[in-house]
Every structure is written in structure tokens, then in C-alpha cells.
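Novice: Right, I'll just put the structure down here and ask away after.
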Amino acid sequence: MDTTNIAAVTGSLSTVGYGLAAIGPGIGLGILFGKTIEGMARQPEMSGQLRSFTFIGLAFIEVLALLGIVTPFFLK
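First residue of the sequence shown? That's 0 in numbering that gives the first Met the number 0, and the numbers climb one at a time after it.
Structure representation (C-alpha cells):
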């Protein structure tokens, strides 16, 4: 029986993993800022408090993105 390779995967699969890991924080940032702007439009007097919570949420979401970058290097 003759077996041939139809397609071969070359390169590092960690780049695919990081690409998938970057999708989550991107969606999260879009939802976070969209809801913050919506909240500021509905209640302008709460804009200061919403802004501070937005920056805290931004920090947590960016930590997830940085973990997605760093994790493949530790798992090698």
C-alpha cells in the first residue's frame, strides 16, 4: 500500500495558539468599551465611576492577552 502525504504542516503551532488567544481579549475589549460608552450615554453623572471601572477591566483583559503571548515560551 502506497501512502503519500497530501499536506504537511510546518512551522510552530504556538503561533496558531497565540492567534486564537488574541481573539478573546479583542472581543472582550470591544464589549467592555461598548458597554461603557452606552452606560455613559444613559447616565452621564456616572461617567467618572464607569471610567475607573473600565480601566480596571482593561488591565485584566490585557493580562489575558499577555499570558497568551508568554505561555507558549514557557511550555516549550
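Idealized CB from N, CA, C, for every residue including glycine.
Taking buried to mean at least 16 other C-beta atoms within 10 Å of its own C-beta, is PRO43 buried or exposed?
Specialist: For the purposes of this step, residue 43 is taken as the residue at position 44 of the sequence shown. PRO43 is exposed by the Cβ-count criterion.
Novice: Which one of PHE73, LEU63 and LEU74 has the shortest CA to CA distance from LEU19?
Specialist: Along the sequence shown, one-based indexing puts residue 19 at 20. Looking at the Cα atoms, LEU63 is the closest of the given residues.
Novice: From what residue to what residue does the alpha helix (DSSP H) around GLN48 run?
Specialist: The count along the sequence shown starts at 1 and reaches residue 48 at position 49. It spans 46-73 - the alpha helix (DSSP H) in which GLN48 sits, taken as one unbroken run.
Novice: Taking Cβ positions, are THR35 and LEU49 nearer each other than 7 Å?
Specialist: One-based indexing of the sequence shown puts residue 35 at position 36. One-based indexing of the sequence shown puts residue 49 at position 50. In contact: THR35 and LEU49 (Cβ atoms closer than 7 Å).
Novice: If you drop the 5 nearest sequence neighbours on each side, which residues of the same chain put their C-beta closer than 7 Å to that of GLY67?
Specialist: Here residue 67 corresponds to residue number 68 of the sequence shown, with the count starting at 1. Hits under 7 Å: TYR17, ALA20 and ALA21.
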